[in-house]
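Engineer: When we follow the UniProt record's numbering, the leftmost residue of the sequence shown carries the number 1, and every step to the right adds one.
All residues carry an ideal CB built from backbone N, CA and C; glycine is no exception.
On a predicted model such as this, the values are computed, not experimentally measured, just so you know.
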Amino acid sequence: MRPVEPVSSWFRSLALERKDAKTMRSYAYSVLMLLHFLLARGTVLQSVTETDLREFRLWRQDEAEEVVGDAAWDRDWAAIESLYRYLIRIGVVTRQPWRATPQRDNLASRIRPDLRVRHMELDQYLYLRDVGFGGLTPEAGLDVSFRGWRPH
Numbered sequence: 001m002r003p004v005e006p007v008s009s010w011f012r013s014l015a016l017e018r019k020d021a022k023t024m025r026s027y028a029y030s031v032l033m034l035l036h037f038l039l040a041r042g043t044v045l046q047s048v049t050e051t052d053l054r055e056f057r058l059w060r061q062d063e064a065e066e067v068v069g070d071a072a073w074d075r076d077w078a079a080i081e082s083l084y085r086y087l088i089r090i091g092v093v094t095r096q097p098w099r100a101t102p103q104r105d106n107l108a109s110r111i112r113p114d115l116r117v118r119h120m121e122l123d124q125y126l127y128l129r130d131v132g133f134g135g136l137t138p139e140a141g142l143d144v145s146f147r148g149w150r151p152h
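(1) Quick one: Cα of L35 to Cα of D74, how far?
(2) Could you have a look at L136 and say whether DSSP puts it in helix, strand or coil?
(3) Count the CB pairs spanning the segment 19–37 and the segment 79–91 that are closer than 8 Å, and state whether there are at least three.
(4) Give the single residue among R95, E66, E139 and R118 whose Cα lies nearest to the Cα of T49.
(5) Could you have a look at A100 and say whether DSSP puts it in helix, strand or coil?
(6) Quick one, are the C-beta atoms of L142 and G135 less than 8 Å apart?
(7) L14 and M24: beta carbons closer than 8 Å?
(8) Y84: buried (16+ other C-beta within 10 angstroms of its C-beta) or exposed?
(9) Does L87 pass the burial test, meaning 16 or more other C-beta atoms within 10 Å, or should it be called exposed?
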């Protein structure tokens, strides 16, 4: 199946926005998977419902030949969101087929990408130990207001 309008023009608009090649490849794969899924169900992009997208998510995460986790689903979801924003902009559809919540779209995964562990340098740890937990002031004097169990 070769992508046809409006998917081709959406992809061309991504190139004009100077999207990264890896992003465009990922988006192309995600939308191609969606189109194959919809074709098997006898549905077209213009008549997709939220239920169709929920079933696509379940299929991608549980039943597809290559199942995906939350992070990969978020990449798929970013492509679907971008496609439907474009379809709304050019007038192919009047609104997005999913309900949006105030915080985030309800079909996106609930993982938080900002919970990364960052290790402290030795100087940072010693400062935390001595000042934060040890009862010293930043100038290395004894903090008289310290209420911990073991000031230096």
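Structural biologist: Taking the structure as given:
(1) Each residue's Cα considered, the two are about 17 Å apart.
(2) strand
(3) yes
(4) Among R95, E66, E139 and R118, the Cα nearest to that of T49 is on R95.
(5) strand
(6) yes
(7) yes
(8) The residue in question, Y84, is buried, as its Cβ has 16 or more Cβ neighbours within 10 Å.
(9) buried
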